[in-house]
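First comes the structure, then the notes that go with it.
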Amino acid sequence: MMTNTRTLEIVVGGFIFAGLVALLMLSMKVSNLTDIGGTDGYEIKAKFDNIGGLKVRSPVKMAGVKIGQVSAIDFDNTNYKAVATLKIDRRYDKIPTDTSAKIFTAGLLGEQYVSLEAGGDDHYLKQGGEITLVSNAVVLEQVIGQFLYNKAAGNDKK
Amino acid sequence: MKTWFLDRLQNLGQWGLASLERLGRGTLFFIAVVGGIPEILRRGRLIVAQIYAVGALSLVIIVVSGIFVGMVLGLQGYNTLVDFGAAESLGELVALSLVRELGPVVTALLYAGRAGSALTAEIGLMKTTEQLSAMEMMAVDPLHRVIAPRLLAGIISMPLLAAIFSILGVYGGHFVGVTLLGVDDGAYWSQMQASVDWHEDIMNGVIKSFVFGIVVTWIALFEGYDTVPTSEGISLATTRTVVNSSLAVLGLDFVLTALMFNK
């Protein structure tokens, strides 16, 4: 049995230190803690007919590079559209006002994200701006429905 | 014929009432011990000695298990994911499995077996050799002096052990996946970081291990305190500790998972 108090206390201190380091590493290396509270950015809005599976904190990408996140998703009661608020990193402040926003899926079954394609305007989007050129998410049921309808129409023509 | 049936019913009733009575005694025991914690916090030396006995001595089994569980997760995960062309998601699979479920639960089960049974045997022996009664006669409350430091040590140690288990498992999975099987190193970490949420996954895992620490240590201490003061009684008590705390951990895990990971 440990009678040497000093050794015992050193071992316990080492154990607690190892535990805290493990927690720290879990937070830093394993989780997304470094992403949270990071982006200090400006907010722009985009109105979609259907946002599909887009969620808050879904990435906003331009040319495949993440430039921001979806910070809020609301519903517009007057024209029945989904309003997505995109928080763009302040470093990327030269996004033209005629940029188009599309909702894509990463991979085949992955999470959905907003992809921005630059327009050609000289004016840039600022805080509170809105992207008017939008294209909706691809909803699987609609695609299947369209396919079946086309198939049926093709059969009818014979 | 009828008396046989009634006898069985009577046994069932006796068992039910005895279980309830035990649960009540255990709860009163817990409340009394928790009441002694403020007093014990002033005597750090006692708590440190218990953290050594309960936490530091469990490190060997936790470290080895963590590494091997992570390695197995990496291996089995790769075998299945590669059929779907999703081998790059191995990091996400290993990390989420460990942080959400395997870390807290397996650590709690190992802890119940190693530290729980040791606590039960120790307290049971103290009761059998009448050390607890002797303390009471000296007007030292054994629940405060002996039991409370051990409960506190268990509550402090469990989350630390679970965190150590999880992080070593992640690196074990990395060793198998990236070094041995050829998964891309960058993809392993980046997919993991994109999908493991600090609040939802890691904090919930810590809360789970916290709850498990309280429950397992409580059961271990109570079984020791309540044991029949014979050697056979202590043997029964240690068995009950390991069985009951394992069942409690698995049952609570389901409840906590349902509460925390509801979509």
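For the record, the sequence lines run as chains E and G.
When you read off a place in the first sequence, starting at 1, and then add 678, the result is the number in our numbering.
When you read off a place in the second sequence, starting at 1, and then add 1072, the result is the number in our numbering.
Glycine residues also receive a C-beta, built at the ideal position from the N, C-alpha and C atoms.
{"Asked": "Residues of the segment 1251 to 1268 of chain G whose Cβ lies closer than 9 Å to any Cβ of chain A, in chain order", "Found": "The structure shown contains no chain A; its protein chains are E and G."}
{"Asked": "Buried or exposed (CB count within 10 angstroms, at least 16 for buried), E/Asn710", "Found": "buried"}
{"Asked": "Same chain only: Cβ atoms within 8 Å of E/His801, ignoring 5 sequence neighbours per side", "Found": "Pro774 and Thr775"}
{"Asked": "Rounded distance between the beta-carbons of E/Ile722 and G/Leu1232, thought under 8 Å", "Found": "At roughly 44 Å, the Cβ-Cβ gap does not stay under 8 Å, so G/Leu1232 and E/Ile722 are not in contact."}
{"Asked": "Local conformation of G/Asp1257 per DSSP, three classes", "Found": "helix"}
{"Asked": "Span of the beta strand (DSSP E) around G/Leu1095", "Found": "It is not in any beta strand (DSSP E) - G/Leu1095 instead sits in the alpha helix (DSSP H) that spans Lys1074 to Gly1107."}
{"Asked": "Beta bridge counterpart(s) of E/Val859 as assigned by DSSP", "Found": "In the structure as shown, chain E starts at 679 and stops at 836, and residue 859 of chain E therefore has no counterpart that could be examined."}
{"Asked": "Sufficient close CB pairs (3 or more, under 8 Å) joining the segment 1252 to 1271 of chain G to the segment 1202 to 1218 of chain G", "Found": "no"}
{"Asked": "is_contact[G/Asp1298, chain E] using C-beta, thresh 8 Å", "Found": "no"}
{"Asked": "Cut-off 8 Å between Cβ atoms - residues of its own chain near G/Val1141, not counting five sequence neighbours on either side", "Found": "Leu1170, Leu1174, Val1178, Phe1237, Gly1241 and Gly1244"}
{"Asked": "CB contact check: G/Tyr1183 to chain E, cutoff 8 Å", "Found": "no"}
{"Asked": "Min CB distance G/Tyr1150 to chain E below 8 Å", "Found": "no"}
{"Asked": "Assumed close pair E/Ala741, E/Ala779 - CB separation to whole angstroms, cut-off 8 Å", "Found": "About 14 Å separates the two Cβ atoms, so there is no contact after all."}
{"Asked": "Residue span of the alpha helix (DSSP H) that contains E/Ala700, given as start and end", "Found": "Thr683 to Met703"}
{"Asked": "Supposed contact pair G/Val1166 and G/Leu1182 - C-beta distance, whole angstroms, cut 8 Å", "Found": "Going by Cβ atoms, the distance from G/Leu1182 to G/Val1166 rounds to 19 Å, so no, they are not a contact pair."}
{"Asked": "Stretch-stretch touch, CB-based, cutoff 8 Å, three pairs: the segment 1324 to 1334 of chain G with the segment 1272 to 1287 of chain G", "Found": "yes"}
{"Asked": "Chain-ordered neighbours of G/Leu1174 on chain E, where CB pairs are closer than 7 Å", "Found": "The contacting residues do not exist; G/Leu1174 stays about 13 Å from chain E at best."}
{"Asked": "Segment contact flag, the segment 1191 to 1205 of chain G with the segment 1292 to 1308 of chain G, C-beta cutoff 8 Å, min 3 pairs", "Found": "yes"}
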